[in-house]
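A.B. asks:
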Amino acid sequence: MGYNDAKQGRYLTAFMSTIRGLQLLPDDPAIQYNAGALTAWYETLSVKPTLSGSFKALLAQQSQQWLEKAKFAEGHRKGKSEFSGWAERIERLKADIAPAETAAKAAALESSEATDTYRQYGLAIARLKDDVKVLARLLNNEDRDLRRNTDYYRRRRTRTIIALRERIRDKQGKISALKNNRERVRKEMVEKAGLLKDAEQALAKAGTALWTEKKTLPLLAWLPPAVDGVITPEAKSPPILAADTQPATGPAPEVQLEMAKLLLQNNRKHKAMAILEVIVKKYPDTKAAKQAAELLKVLKRTGLEQI
Numbered sequence: 138m139g140y141n142d143a144k145q146g147r148y149l150t151a152f153m154s155t156i157r158g159l160q161l162l163p164d165d166p167a168i169q170y171n172a173g174a175l176t177a178w179y180e181t182l183s184v185k186p187t188l189s190g191s192f193k194a195l196l197a198q199q200s201q202q203w204l205e206k207a208k209f210a211e212g213h214r215k216g217k218s219e220f221s222g223w224a225e226r227i228e229r230l231k232a233d234i235a236p237a238e239t240a241a242k243a244a245a246l247e248s249s250e251a252t253d254t255y256r257q258y259g260l261a262i263a264r265l266k267d268d269v270k271v272l273a274r275l276l277n278n279e280d281r282d283l284r285r286n287t288d289y290y291r292r293r294r295t296r297t298i299i300a301l302r303e304r305i306r307d308k309q310g311k312i313s314a315l316k317n318n319r320e321r322v323r324k325e326m327v328e329k330a331g332l333l334k335d336a337e338q339a340l341a342k343a344g345t346a347l348w349t350e351k352k353t354l355p356l357l358a359w360l361p362p363a364v365d366g367v368i369t370p371e372a373k374s375p376p377i378l379a380a381d382t383q384p385a386t387g388p389a390p391e392v393q394l395e396m397a398k399l400l401l402q403n404n405r406k407h408k409a410m411a412i413l414e415v416i417v418k419k420y421p422d423t424k425a426a427k428q429a430a431e432l433l434k435v436l437k438r439t440g441l442e443q444i
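Under the numbering used here, think of the first position of the sequence shown as 138, with each following residue one higher.
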C-alpha cells in the first residue's frame, strides 16, 4: 500500500504505511529503501503534517538505527538530495510571492486613490455647474425686472447683474480649472490601473509557479517490496496462490496475518483469503492461525470484503 501511494505521489499515507511495513519486515531491502526516501521527504518539509504522538516517538527512537541499514541509508541519501532541492525551490518561490503581494497591494491603493480623486473632481464640477445654473436664473430674473423698473431701481439692478455675471465667470473659471485637473488625474488613473494589472499578473504568475512546483513532487524510483501479497503497478495480473502452493518458508504467521488484514482493507478479499488459508494450514497451533480461521469463517459466511 505504501509503495502504491508513493508511486502516486501520496507521500504522507505512503510514509506511514511504509514505516509500518518496515516494522513488520525490517530486512526487506525495498521497504528499507522506500522508508529511507520517505523519511527524507518528511524531514525536508518546513511545515510538518500532523502525526500521532506514538508515530513521532517511533521515528525519534528508530531513525538512527534504520540509518545503519544500507538500503535505508541509500534511500535516505537519494531522497534528501531530491527533496531538499524541491523544498529549496518552494521556499524561493514563496519568497517571490511576498514582494509581489506588497507591490500589488501598493498598486491597488494608488489606483483606488486616483479613482477616488477623479470622482471627487467630478462631484465638485457638478456642484459648480449647479451653482452656475442658479446664478443664471437669477441673472435672467434681474434682466427681466430691469426692463420694467424706474431709473433708481435700474441702477441697483444693473449693479446686481454685473455682480452676478462676475460670480458666474468666477465659477466657470473654477470649472475649467477643475476639468483640467480631472483630465490630469484621469491619465494618472489609467496609468495606475495599468500598473495594478501588471502587479496582479506578476502576483498570479508567482502563485502559479509555486502551485505548479508544489504539485511537481519528485517521483523517485520506488522499489516494489519483495513481499507476497503486495500488488504493484508493474504486476499486470498478480497471481492468486492456492493454499497448497504456498511455500513452507516465508514471513512469520503474525506478519502474514497483518498483510491479510491490509489486503482486506484494500478490497483484495480473494488474495487475503488465500493467505489466511495458508496460515491455518501451515501454522495450525499458533494464535495467528486461530485468528485467521475466525476471519475465514466471517468472510465465507457474510461475504464481507472489508473488516
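Even for Gly, the Cβ is constructed at its ideal location relative to N, Cα and C. Please read all numbers here as calculations on a predicted model, not as lab measurements.
Unbroken alpha helix (DSSP H) runs of length 4 or more, entirely within the region 150-238: which are they?
C.D. replies: Entirely contained in the region 150-238, the alpha helix (DSSP H) runs reaching 4 residues are, in chain order, 166-181 and 190-204.
A.B. asks: Here's the rule: buried if 16 or more other CB atoms are within 10 angstroms of the residue's CB, otherwise exposed. What is ARG256?
C.D. replies: Exposed.
A.B. asks: Quick one: grab the DSSP three-state call for TYR255.
C.D. replies: If DSSP states are grouped into helix, strand and coil, TYR255 belongs with the helices.
A.B. asks: Given VAL417, which residues of its chain have a CB within under 6 Å of its CB, disregarding the five upstream and five downstream residues?
C.D. replies: Taken in chain order, the residues that qualify are ALA426, ALA429 and ALA430.
A.B. asks: Assign GLN338 to buried or exposed, taking buried as 16 or more other Cβ atoms, counted over all protein chains shown, within 10 Å of its Cβ.
C.D. replies: Classification of GLN338: exposed, given that the 10 Å Cβ count is below 16.
A.B. asks: With distances taken between CB atoms, is the gap from ILE305 to GLU279 smaller than 9 Å?
C.D. replies: No, these two residues do not count as a Cβ contact at 9 Å.
A.B. asks: So, is GLY222 buried or exposed, given that buried needs 16 or more other C-beta atoms within 10 angstroms?
C.D. replies: Answer is exposed; the Cβ neighbour count stays below 16.
A.B. asks: Any contact of the region 167-177 with the region 212-232, i.e. 3+ C-beta pairs under 8 Å?
C.D. replies: As far as the Cβ criterion goes, the region 167-177 touches the region 212-232, which means the pair count is three or higher.
A.B. asks: Alpha carbon to alpha carbon, what distance is there between THR345 and ALA237?
C.D. replies: Roughly 12 Å between the two C-alpha positions.
A.B. asks: Are the Cβ atoms of GLN160 and LEU195 separated by less than 9 Å?
C.D. replies: Their beta carbons are under 9 Å apart, which means GLN160 touches LEU195 by this criterion.
A.B. asks: How is the alpha helix (DSSP H) around ALA397 delimited, first residue to last?
C.D. replies: Segment 390-402, the alpha helix (DSSP H) holding ALA397.
A.B. asks: Report the three-state DSSP secondary structure of ASP280 (helix, strand or coil).
C.D. replies: Helix.
A.B. asks: Span of the alpha helix (DSSP H) holding LEU413?
C.D. replies: It spans 406-419 - the alpha helix (DSSP H) in which LEU413 sits, taken as one unbroken run.
A.B. asks: Let me confirm a value: THR155 is counted as buried when at least 16 other C-beta atoms fall within 10 Å, else exposed. Which label applies?
C.D. replies: THR155 comes out buried.
A.B. asks: For ALA363, report the span of its alpha helix (DSSP H) as first-last.
C.D. replies: No alpha helix (DSSP H) contains ALA363, which DSSP labels as neither H nor E.
A.B. asks: Might you give, ordered along the chain, the residues of its own chain that have their beta carbon closer than 8 Å to the beta carbon of GLY362, omitting 5 neighbours on each side?
C.D. replies: The amino acid occupying residue 362 in the given sequence is Pro; Gly does not appear at that position. The residues are TYR140, GLY158, LEU162, ASP165, ALA167, ILE168 and ASN171.
A.B. asks: Going by other Cβ atoms of all chains shown within 10 Å of its Cβ, with 16 needed for buried, is ALA358 buried or exposed?
C.D. replies: That one is exposed.
A.B. asks: Classify ALA341: buried if its beta carbon has 16 or more other beta carbons within 10 angstroms, exposed otherwise.
C.D. replies: Its Cβ having fewer than 16 others within 10 Å, ALA341 is exposed.
A.B. asks: DSSP state of ASP142, grouped into three classes?
C.D. replies: In the structure shown, ASP142 sits in a helix (DSSP, three-state: H, G or I).
A.B. asks: Measure the CB-CB distance between LEU347 and TYR258 and report whether it falls below 9 Å.
C.D. replies: No, these two residues do not count as a Cβ contact at 9 Å.
A.B. asks: Among HIS407, GLN309, SER249 and THR252, which residue has its Cα nearest to the Cα of LYS270?
C.D. replies: Cα-wise, what sits closest to LYS270 is GLN309.
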